[in-house]
Amino acid sequence: MSLFGALNSATAGLRTVQTNVKLVSDNIARADDANRTRHTAQQMVDGTGQVVTTQYRREVDTALRGQVQDLTSRNGGSAVQSTYMQQLGDLLRTTNGTPLINSYADKFQTAWSTLAASPENETAQYQLVQSANNFAREIQRVSEGVEQMDRDMKKDMDNSLSTVNGLLKQINQINNDIVSLKSQGAAGNEVADKRDGLIRELSAYMSIRTVDRPDGRVALFSPTGLALVDAEPASLSFDGGNINLQVGNNVTSINGHLNDGKLGALLKMRQDGSQSDPPKPASSDPTAEVIRKLRSQLDQFASAFTSATKDGEPTSFRDAYDNATAASGEQANQFFTGTDRFTIAVNAKLLDGTAKVKKLAIDDVNDAMKATGRSLTADGLALTDTTYAGMASAITGNWMGAAKAVNDKQEGDKSSLQLLTERYHSNTGVNIDEEIANLQQLQTSYQASARVMQVANAMFDALEAVVR
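Numbering (our numbering), first residue to last: 1 to 468.
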């Protein structure tokens with residue numbers, strides 16, 4: 001090899017080493033960044049040692065990345081379901097495994113038994129009225145809490161849609177920028193990593209499918225093929241019943257396209273098929289139409305105490321009380337006023353003491369409270385051969401069971417996502433030990449190239465001395 005050839009080779013080596021040292025150093029510095037992939041560079045040089053091309057690349061496992069996105073969507077949906085089921089558990093005030101409404105229902109029944117044993121006992125009568133008041137107020141409190149849950153879900157939906165629209169815009173902006181950045185070395189890979197992070201964040205809200213374009217852009221679609229980001233970003237909005245997707249002037253309802261993710265879970269929990277035309281029966285999925293089912297079940301439970309006797313069933317609470325003869329100073333009818341979850345209340349005259357409980361109704365009501373063979377039909381729940389207390393237990397037990405199932409699923413989804421994410425980072429992320437080893441190798445290569453240049457310079461100096 002000629003002297004000039006050796007010098008050119010050493011120069012090319014130094015340039016290659018410098019480029020790779022920069023990348024390896026950046027890899028090490030960003031090792032803790034969850035979005036960072038391992039960046040590398042491959043350079044082509046000509047015969048004179050000049051760098052002809054530099055190809056920058058990043059480690060990406062496309063198949064595994066898609067699986068991470070799918071699991072992120074599943075986890076996003078089960079996480080929000082678990083959150084609201086926990087909120088429902090807090091609302092029911094579960095204490096030692098017994099929701100407060102169950103406890104009040106049992107105490108109300110016990111109070112009638114106590115009064116039946118001592119009908120002349122004014123303390124027992126007072127305690128009965130207070131027990132009834134606690135029971136009715138608890139139904140109202142839970143009902144109001146359900147409406148607050150619905151408002152919280154609506155607000156969560158609005159905030160989530162705002163976040164999704166922001167993510168779609170950011171991803172589209174990176175798509176627009178990345179074409180020009182590809183000619184600026186490693187900068188294109190930096191923003192591509194950022195885009196991957198944004199796409200993963202978006203996956204928590206909805207299932208998506210990605211398509212890599214030849215110019216470096218990434219198009220996003222729903223699993224059913226609706227464009228989210230392609231030529232331009234879509235915009236999502238909620239009109240109270242539908243989540244709509246707008247691209248340009250085209251608006252499409254995407255309710256049927258949201259199977260996973262936070263948006264899909266929120267929509268499913270808030271949906272109400274009874275408002276459809278024609279109305280639809282309640283879903284058999286315990287995590288669907290949650291608000292609708294709670295409203296219906298609480299309404300029917302309250303109505304069970306204020307409605308007439310059903311055919312073929314024991315005498316209702318209302319009829320057992322109203323059909324008895326009233327003495328002077330006793331409340332003749334309507335122990336409970338109201339007809340639904342919000343209006344059920346103990347008669348005001350019983351509460352303020354201006355009227356007493358009918359003595360001749362005590363035994364009949366006590367029997368009615370204990371009688372089996374009652375039914376309750378509500379959205380998401382159908383009971384037969386039960387008691388009044390059994391209705392309360394069935395309603396709360398149904399939701400406690402649903403909450404446990406959701407929580408178990410969320411724990412499974414979270415664990416699976418964590419394992420797969422760790423695997424993805426292991427395959428594509430920065431390994432500190434490997435990068436430090438690479439840095440040491442590059443240092444050795446740098447020293448070797450520098451030594452060649454030193455020798456070449458010394459030989460040039462010797463040659464000049466001979467010429468002089």
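Built from N, CA and C at the ideal position, the CB exists for glycine as well.
Model, not experiment: these values are computed from the prediction.
For residue i, which of helix, strand or coil comes out of DSSP?
i, result
"Ile243", "strand"
"Asn250", "strand"
"Ala117", "helix"
"Leu91", "helix"
"Ser375", "strand"
"Ser316", "coil"
"Arg341", "coil"
"Val365", "helix"
"Phe108", "helix"
"Lys356", "strand"
"Ser222", "coil"
"Leu258", "coil"
"Arg217", "coil"
"Val60", "coil"
"Arg209", "strand"
"Val52", "Here Val52 scores only 49 on pLDDT, less than 50, and its place in the model should not be relied on; the value that follows carries that caveat. Residue state, collapsed to three classes: strand."
"Asp385", "strand"
"Glu330", "strand"
"Ala227", "strand"
"Phe238", "strand"
"Phe336", "strand"
"Thr37", "coil"
"Thr325", "coil"
When you compare only the Cα positions, how much space is there between residue i and residue j?
i, j, result
"Pro233", "Ala392", "49 Å"
"Thr354", "Pro279", "45 Å"
"Ala265", "Met85", "12 Å"
"Gly380", "Thr287", "10 Å"
"Gly425", "Arg209", "Going by the sequence as given, residue 425 is His instead of Gly. Whole-angstrom Cα-Cα distance: 20 Å."
"Val52", "Leu263", "Any answer about Val52 is weak, because its pLDDT of 49 lies below 50 and its placement is not dependable; what the coordinates show is given next. Whole-angstrom Cα-Cα distance: 49 Å."
"Lys155", "Lys359", "50 Å"
"Ser235", "Gly261", "17 Å"
"Gly401", "Thr387", "20 Å"
"Ser131", "Val346", "10 Å"
"Leu181", "Ala231", "18 Å"
"Val406", "Gln81", "7 Å"
"Asp239", "Asn249", "17 Å"
"Asp215", "Gly166", "23 Å"
"Leu168", "Lys404", "34 Å"
"Leu98", "Asp106", "A small fix is needed here, since residue 98 is Thr in this sequence, not Leu. Straight-line Cα distance between these residues: approximately 11 Å."
"Gly373", "Lys310", "11 Å"
"Ile395", "Thr384", "13 Å"
"Gly66", "Thr224", "15 Å"
"Glu190", "Gly241", "40 Å"
"Leu298", "Ala378", "9 Å"
"Thr110", "Thr83", "35 Å"
"Gln140", "Ala219", "49 Å"
"Gly338", "Thr306", "7 Å"
"Arg58", "Ala187", "11 Å"
"Ser416", "Asp70", "11 Å"
When the distance is taken between beta carbons, is residue j closer than 8 Å to residue i?
i, j, result
"Tyr104", "Asn75", "no"
"Val357", "Ala320", "no"
"Thr72", "Ser203", "yes"
"Thr252", "Tyr205", "no"
"Asn35", "Gly197", "yes"
"Ile171", "Arg195", "yes"
"Leu267", "Val146", "no"
"Ile101", "Val142", "yes"
"Met269", "Met369", "no"
"Ser78", "Lys349", "no"
"Arg217", "Ile178", "yes"
"Met149", "Leu92", "no"
"Ile243", "Leu226", "no"
"Ser207", "Ile254", "no"
"Asp193", "Thr37", "yes"
"Glu289", "Gln271", "yes"
"Ala324", "Ser316", "no"
"Val129", "Leu351", "yes"
Please decide whether residue i counts as near chain C, where near means a Cβ-Cβ distance under 8 Å.
i, result
"Gly412", "No chain C appears in the structure shown, which is made up of a single protein chain."
Whole alpha helix (DSSP H) elements within the stretch 283-310, 4-residue minimum: 290-306
Three or more C-beta pairs below 8 Å linking the stretch 108-117 and the stretch 361-380: yes
Segment contact, 8 Å Cβ cut-off, at least three pairs: the stretch 418-427 with the stretch 320-333: no
Contact the stretch 335-350 vs the stretch 294-303: 3+ CB pairs below 8 Å: yes
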